[in-house]
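Here is the structure we will look at.
In the numbering used here, the protein residues as written are 1 to 88.
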């Protein structure tokens, strides 16, 4: 049983270190440099196409969900205040 545990530990360590070696990037890659600002001028171009969107029946037939309040809002807490003073 100990031999099996030792072999499993060695294999797991080898797998971890081999995965780390594949994760390292090579330093010889070219760096891509982008411009800070790109301006595209569409003033001389005519763009033609169709607007594709869902039909209005899908949107208008949906009803807004109505939920009841779970917390009751009260304006008067005097009875609880008087009870707390009595306990002092």
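From the three backbone atoms N, C-alpha and C, an ideal C-beta is built for every residue, glycine too. These numbers come from a predicted model, not from an experiment.
Beta-carbon proximity list for residue i, same chain, < 6 Å, skipping 5 on both sides
i, result
"residue 85", "none"
Residues near residue i by beta carbon distance below 8 Å, same chain, minus five either side
i, result
"residue 67", "none"
"residue 13", "none"
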